[in-house]
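Counting from 1, position 25 in the sequence shown corresponds to residue 25 in full-length UniProt numbering; the numbering is continuous, with no gaps.
Using N, Cα and C, we set each Cβ at its ideal position, and we do this for glycine too.
In this text the structure is predicted, and so the values were computed from the model without any measurement.
I have placed the structure first, in the form of structure tokens, so that the comments after it can refer back to it.
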Amino acid sequence: MSYIEVKHNFKRYQTGDTEILANNDVNFSIEKGELAIILGASGAGKSTILNILGGMDTNTSGDIIIDGKNIANYNKRQLTTYRRNDIGFVFQFYNLIQNLTAKENVELASEIVADSLDPVQTLIDVGLKNRINNFPAELSGGEQQRVAIARAIAKNPKILLCDEPTGALDYQTGKSVLQTIAKMSRENGATVVIVTHNSALAPIADRVIHFHDGQVTKIEQNAQPEDITNIKW
Ligand SMILES: Nc1ncnc2c1ncn2[C@@H]1O[C@H](COP(=O)(O)OP(=O)(O)OP(=O)(O)O)[C@@H](O)[C@H]1O
Ligand SMILES: [Mg+2]
């Protein structure tokens with residue numbers, strides 16, 4: 001059995017008369033410690049599946065097996081515990097707490113787990129050495145995105161889920177942040193899932209899961225993933 005197994009996952013949204021199948025029978029698996037990329041165009045259902053994997057949202061039907069347990073059957077309380085103990089999540093739109101500084105935002109996450117990483121060091125690792133005591137409103141979009149990444153990483157999570165983690169970053173900063181994220185899989189043993197619409201990132205992953213219109217259209221495995229320094233986009 002794989003570490004993550006998604007089986008016949010459906011997510012249905014009903015808005016008035018229209019029904020949207022954001023996930024329409026999604027199936028894939030990811031091994032422990034892998035770096036996986038979910039690739040697809042806008043509206044393909046990528047954030048939907050990532051939110052479900054992270055226990056941020058519940059599915060309509062299907063099994064979401066994480067380390068042998070079906071989180072699709074979890075109640076709210078069990079999902080909260082799961083999110084708190086096992087998950088680091090980088091939101092597509094950051095979700096920082098506005099009245100806390102960068103450092104305090106990261107501490108808030110690291111303090112709830114036992115074997116967290118040093119909050120200041122994680123901020124330094126994402127290139128924010130000089131922004132540690134600034135509030136989100138004082139930071140650029142890309143800087144806020146990096147605080148969100150530091151916050152997820154500082155939990156030293158079993159599973160790190162990143163929704164478009166380089167969306168607001170320039171080329172060099174994006175590369176450097178991707179390296180920090182990849183290190184969580186390659187050195188810390190975390191299972192990492194990155195959602196992106198940028199196909200140029202695919203070679204860095206152990207596994208690439210292609211999404212189109214709420215479905216998985218193709219799964220590729222790279223026996224020898226490319227080093228991030230060698231890719232271009
Ligand atoms: N709360 C919601 N209510 C209704 N429809 C929704 C809701 N959330 C998402 N959808 C729809 O579900 C589909 C998949 O959305 P999702 O956010 O998963 O796409 P995505 O692949 O992450 O896209 P993007 O790359 O633009 O972030 C879209 O058609 C979207 O409009
Ligand atoms: Mg999205």
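Sequence-distant Cβ neighbours of N188 in its own chain, meaning closer than 8 Å and more than five residues away, are N156. Unbroken alpha helix (DSSP H) stretches of 4 residues or longer found wholly inside the region 12 to 91: 46 to 53 and 76 to 86, given in chain order. Counted as a single uninterrupted DSSP element, the alpha helix (DSSP H) harbouring V147 occupies residues G141 to A154.
In this structure, I37 and A205 form a Cβ contact; the two beta carbons are roughly 4 Å apart against a cut-off of 8 Å. Counting only residues of its own chain and dropping the five nearest sequence neighbours on each side, V193 has a CB closer than 6 Å to the CB of A36 and L161. Taking a C-beta distance under 7 Å as the contact criterion, T166 and V126 do not qualify as a contact pair. Boundaries for V126: no beta strand (DSSP E) harbours it, and the DSSP string shows neither H nor E there.
Here the alpha carbon of Q144 sits roughly 15 Å from the alpha carbon of L178.
Taking the Cβ atoms as the reference, K103 lies roughly 12 Å from N130, outside the contact range of under 8 Å. Of all residues, those with a beta-carbon under 7 Å from at least one heavy atom of ligand 2 are K46, S47, Q92, D163, E164 and V195, reported in chain order. Residue side-chain check: I38 keeps its Cβ at 6 Å or more from all non-hydrogen atoms of ligand 1. As DSSP reads the structure, N9 sits in a beta bridge with V26. At a cut-off of 6 Å, the beta-carbon of S42 counts as near ligand 1: some heavy atom of the ligand is closer than that.
In this structure, A154 sits near T122, with a CB-CB distance shorter than 7 Å.
Counting of Cβ neighbours within 10 angstroms places G141 among the exposed residues, the total staying below 16.
Taking 8 Å as the upper bound for CB-CB distance, G62 and N24 are not in contact here, some 10 Å apart.
In terms of Cα proximity to D163, the closest of G40, G33, P225 and T60 is G40.
Residue environment: G16 is assigned as exposed (fewer than 16 neighbouring CB atoms within 10 Å of its CB, all protein chains considered).
In this structure, L108 sits away from P136, with a CB-CB distance that is not shorter than 7 Å. DSSP, reduced to helix, strand and coil, places T196 within a strand of the structure shown.
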